[in-house]
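A.B. asks: Numbering of the sequence shown is given in our numbering, commencing with residue 43 and proceeding in unit increments.
Think of the CB as a built atom: it goes at the ideal place given N, C-alpha and C, for glycine as much as any other residue.
Being a predicted model, the structure only gives us computed values, none of them experimental.
Handing you a structure now.
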Amino acid sequence: MAASRTIIVAGAGIGGLTAALALAAHEFRVVLCEQAERLEEVGAGIQLSPNASRVLTGLGLTEKLAPHIVAPQAVSIRLAQSAREVARIAFDDVSFRYGAPYWVIHRGDLQAVLHEAAIANPDIALHLGTQVHDFALHAHGVTAELRHGVTAGNERGIALVGADGVWSTLRTRLGETPRPQFRNRTAWRALVDAERVREAFRAPIVHLWLGQDAHLVHYPVCGGRRINIVAIVVDREQHVRWSTPGRREEVLRLFGPTGWARAARELLEVPDEWLKWSLFDCAPLPSWGRGAMTLIGDAAHPMLPFLAQGAAMAIEDGATLAKCLSEKDEAVATALRRFEHRRRKRTARVQRTARKTGDLYHLGGPLAFARNLTLMALGGEKLRERYDWLYDWRV
Ligand SMILES: Cc1cc2nc3c(=O)[nH]c(=O)nc-3n(C[C@H](O)[C@H](O)[C@H](O)COP(=O)(O)OP(=O)(O)OC[C@H]3O[C@@H](n4cnc5c(N)ncnc54)[C@H](O)[C@@H]3O)c2cc1C
Numbered sequence: 043m044a045a046s047r048t049i050i051v052a053g054a055g056i057g058g059l060t061a062a063l064a065l066a067a068h069e070f071r072v073v074l075c076e077q078a079e080r081l082e083e084v085g086a087g088i089q090l091s092p093n094a095s096r097v098l099t100g101l102g103l104t105e106k107l108a109p110h111i112v113a114p115q116a117v118s119i120r121l122a123q124s125a126r127e128v129a130r131i132a133f134d135d136v137s138f139r140y141g142a143p144y145w146v147i148h149r150g151d152l153q154a155v156l157h158e159a160a161i162a163n164p165d166i167a168l169h170l171g172t173q174v175h176d177f178a179l180h181a182h183g184v185t186a187e188l189r190h191g192v193t194a195g196n197e198r199g200i201a202l203v204g205a206d207g208v209w210s211t212l213r214t215r216l217g218e219t220p221r222p223q224f225r226n227r228t229a230w231r232a233l234v235d236a237e238r239v240r241e242a243f244r245a246p247i248v249h250l251w252l253g254q255d256a257h258l259v260h261y262p263v264c265g266g267r268r269i270n271i272v273a274i275v276v277d278r279e280q281h282v283r284w285s286t287p288g289r290r291e292e293v294l295r296l297f298g299p300t301g302w303a304r305a306a307r308e309l310l311e312v313p314d315e316w317l318k319w320s321l322f323d324c325a326p327l328p329s330w331g332r333g334a335m336t337l338i339g340d341a342a343h344p345m346l347p348f349l350a351q352g353a354a355m356a357i358e359d360g361a362t363l364a365k366c367l368s369e370k371d372e373a374v375a376t377a378l379r380r381f382e383h384r385r386r387k388r389t390a391r392v393q394r395t396a397r398k399t400g401d402l403y404h405l406g407g408p409l410a411f412a413r414n415l416t417l418m419a420l421g422g423e424k425l426r427e428r429y430d431w432l433y434d435w436r437v
């Protein structure tokens, strides 16, 4: 590949793959390096709000995503103990209102569709089993130091994009930056066949149950064939970096009968396998890049999942990066700083809002009572309007 239009992207997660496709659509050549030997179908459900689905649609992926997505009709918010619905946010006019749909999907399915599109694109060279270990900036751009097993090599490009996730190596290479902090929450995740849950839970609805120090989210994924379940609890114990197996009995103990209605516990009894996932986030970083290097996605702004925007922000970053690099005839470093400037305020707001949302979800006693009254008083329409700033985004 000629270095003059070549951009190196480190990490083929949701952000790296989207960035690669968006850059290729703007006639860049992309060398996409992923440390994993295979892109496995890992993870659980991901919500793709209109701000993210708009980008994926713009990349021409609608048809490929269609068999995998579910378009929820509403978010139903219930109280854990009584199962009473306190608010219902209707999604039936989302496409009309925001010009793009609201989807839910399994992370593995989304990554597989993006991966397929990347390998079919002649302007993207995907190197699996290749870690970007370090980089050197110079007058002509950047040289990335690659590791492939025991062998090492270099790749030159006009820019390097660190899309290497929450534990980003490239972020640490940038210099002193805060490390992600454990936020005393554990997410228990499971995926089950749809026919194993009660009919009401198979409907295209995102269910959110609010309990004291815990909440539960579940919705159909894989075109409705499976149900994604995420149960989040306050937890002082930090588990290893990524997910670790957990036992059903432990989930049922944490979501005990005094605090949780029968229907919720019945659902939590279904999965044979659970994975535990410690939750981390980070204060907004002082810097995302230097010279011809920048960060995107979780590498740039690790966030808690309570606003369901981790993948969406990575997708927005990818599209914005490609636009900034292509819209003016200017030095690459200037375009990258403009990209960072455009993204920092919004992603910091999402990080902050995600944290506050988690606190609100887990209230107990009189504060929970006040929250519930507010939810009921506002009603679905007003609650949705509070997210206009998030969903009505365009690159
Ligand atoms: C395995 C996995 C499962 C997830 N499951 C969920 C989920 O169920 N629900 C949810 O909301 N969010 C989930 N997330 C988080 C969510 O996907 C992210 O918020 C969002 O996708 C951000 O994407 P990203 O591309 O920034 O980072 P990631 O999706 O984390 O991707 C980073 C990629 O970079 C690769 N990488 C790391 N270091 C290097 C390096 N030095 N060189 C080359 N490659 C490198 C990693 O192997 C990974 O493929 C998951 C993330 C991962 C990695």
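#1: So, with DSSP's three-state summary, where would you put residue 290?
#2: Any heavy atom of ligand 1 inside 6 Å of the beta-carbon of residue 176?
#3: Just checking residue 56 against ligand 1 - is the residue's beta carbon closer than 6 Å to any of the ligand's heavy atoms?
#4: If you draw a straight line from the C-alpha of residue 411 to the C-alpha of residue 255, how long is it?
#5: Quick check on DSSP: helix, strand or coil for residue 43?
#6: For residue 110, count neighbouring Cβ atoms within 10 angstroms of its own Cβ and tell me buried if that reaches 16, exposed if not.
#7: At which residues does the beta strand (DSSP E) containing residue 285 begin and terminate?
#8: Could you tell me if the beta carbon of residue 301 falls within a distance shorter than 6 Å of some heavy atom in ligand 1?
#9: I want to check one thing, is the minimum distance from the CB of residue 161 to the heavy atoms of ligand 1 below 6 Å?
#10: In three-state DSSP terms, what is residue 434?
#11: Runs of 4 residues minimum, wholly inside the region 328-378: which ones carry the alpha helix (DSSP H) assignment?
#12: Given this structure, state the Cα-to-Cα distance separating residue 179 from residue 336, to the nearest angstrom.
#13: For residue 192, count neighbouring Cβ atoms within 10 angstroms of its own Cβ and tell me buried if that reaches 16, exposed if not.
#14: Check whether the Cβ of residue 447 sits closer than 6 Å to any heavy atom of ligand 1, and report yes or no.
#15: How about residue 62 and residue 76: are their beta carbons less than 7 Å apart?
#16: Would you check whether ligand 1 has a heavy atom nearer than 6 Å to the C-beta of residue 287?
#17: Which of the three DSSP states is assigned to residue 56 in this structure?
#18: Expressed to the nearest angstrom, what Euclidean distance is found between the alpha-carbon atoms of residue 301 and residue 246?
#19: Taking the alpha carbon of residue 132 as the point to measure from, which residue in 248, 371, 394 has its own alpha carbon closest?
#20: Compute the distance between the beta-carbons of residue 334 and residue 201, then report whether it is under 7 Å.
#21: In three-state terms, what does DSSP make of residue 419?
#22: For a test of your reading of the model: does the CB of residue 84 fall under 6 Å from any non-hydrogen atom of ligand 1? Yes or no.
#23: Roughly how many angstroms separate the alpha carbons of residue 387 and residue 73, rounded to a whole number?
#24: Whole angstroms are fine: how far does the CA of residue 268 sit from the CA of residue 297?
#25: Rounded to whole angstroms, what's the CA-CA distance from residue 18 to residue 78? Just pull it up for me.
#26: Go through its chain and collect everything with a Cβ distance to residue 234's Cβ below 6 Å, but skip five positions before and after it.
#27: Counting C-beta neighbours from all protein chains within 10 Å, is the total for residue 231 16 or more, i.e. buried, or is it exposed?
#28: Would you report the Cα separation of residue 167 and residue 71, rounded to the nearest angstrom?
#29: Taking 6 Å as the cut-off, is the C-beta of residue 76 nearer than that to any heavy atom in ligand 1?
C.D. replies: From the atom records:
#1: Within the sequence shown, the letter at position 248 stands for residue 290. Reduced to three states, the DSSP call for residue 290 is helix.
#2: Position 134 of the sequence shown holds residue 176. No, the Cβ of residue 176 stays beyond 6 Å of every heavy atom of ligand 1.
#3: Here residue 56 corresponds to residue number 14 of the sequence shown, with the count starting at 1. Checking every heavy atom of ligand 1 against the Cβ of residue 56, one is found closer than 6 Å.
#4: Locating residue 411 in the sequence shown gives position 369, counting from the first residue. Locating residue 255 in the sequence shown gives position 213, counting from the first residue. If you take the alpha carbons of residue 411 and residue 255, they lie about 14 Å apart.
#5: Numbered from 1 along the sequence shown, position 1 holds the residue referred to as residue 43. Caution is warranted here: a pLDDT of 41 is assigned to residue 43, below 50, making its placement in the model unreliable, and no coordinate value can be reported.
#6: Your numbering for residue 110 matches position 68 in the sequence shown. Classification for residue 110: buried.
#7: Numbered from its first residue, the sequence shown carries residue 285 at position 243. Premise fails: residue 285 is in no beta strand (DSSP E) and is neither H nor E.
#8: Walking along the sequence shown from the start, residue 301 turns up at place 259. The answer is no for residue 301.
#9: Working through the sequence shown from its first residue, we reach residue 161 at position 119. Not under cutoff, so the answer is no.
#10: As a position in the sequence shown, residue 434 is number 392, starting the count at 1. In this structure, residue 434 counts as coil in the three-state DSSP scheme.
#11: 352-368
#12: As a first step, residue 179 must be located in the sequence shown, where it is residue number 137. As a first step, residue 336 must be located in the sequence shown, where it is residue number 294. Each residue's alpha carbon lies about 12 Å from the other.
#13: In the sequence shown, the residue the question calls residue 192 occupies position 150. By the neighbour-count rule (16 or more Cβ atoms within 10 Å), residue 192 is not buried but exposed.
#14: Only positions 43 to 437 of the chain appear in the structure, and residue 447 is not among them; the question remains open.
#15: Walking along the sequence shown from the start, residue 62 turns up at place 20. Walking along the sequence shown from the start, residue 76 turns up at place 34. No; because the gap between Cβ atoms is not below 7 Å, this pair is not in contact.
#16: Along the sequence shown, read from residue 1 onward, the residue named residue 287 stands at position 245. Checking the Cβ of residue 287 against ligand 1 gives no.
#17: Against the sequence shown, residue 56 aligns to sequence position 14. Residue state, collapsed to three classes: helix.
#18: In the sequence shown, counting from the first residue as 1, residue 301 sits at position 259. In the sequence shown, counting from the first residue as 1, residue 246 sits at position 204. Straight-line Cα distance between these residues: approximately 26 Å.
#19: In the sequence shown, the residue the question calls residue 132 occupies position 90. Here the closest residue by C-alpha is 248.
#20: As a working note, residue 334 is residue 292 in the sequence shown. As a working note, residue 201 is residue 159 in the sequence shown. Closer than 7 Å, so yes.
#21: As a first step, residue 419 must be located in the sequence shown, where it is residue number 377. Residue state, collapsed to three classes: helix.
#22: Within the sequence shown, residue 84 is the residue found at index 42, counting from 1. Yes.
#23: As a position in the sequence shown, residue 387 is number 345, starting the count at 1. As a position in the sequence shown, residue 73 is number 31, starting the count at 1. So the two alpha carbons sit approximately 29 Å from each other.
#24: In the sequence shown, residue 297 corresponds to position 255, counting from 1. In the sequence shown, residue 268 corresponds to position 226, counting from 1. Rounded to whole angstroms, residue 297 to residue 268 spans 22 Å at the Cα level.
#25: Outside the modelled stretch of the chain, which goes from 43 to 437, sits residue 18, for which no answer is possible.
#26: Taking the first residue of the sequence shown as position 1, residue 234 is located at position 192. Result list for residue 234: 269, 312, 313, in chain order.
#27: Taking the first residue of the sequence shown as 1, we reach residue 231 at position 189. When all chains shown are included, residue 231 counts as buried.
#28: By 1-based counting over the sequence shown, the position of residue 167 is 125. By 1-based counting over the sequence shown, the position of residue 71 is 29. Each residue's Cα considered, the two are about 8 Å apart.
#29: Within the sequence shown, residue 76 is the residue found at index 34, counting from 1. At least one heavy atom of ligand 1 is nearer than 6 Å to the Cβ of residue 76, so yes.
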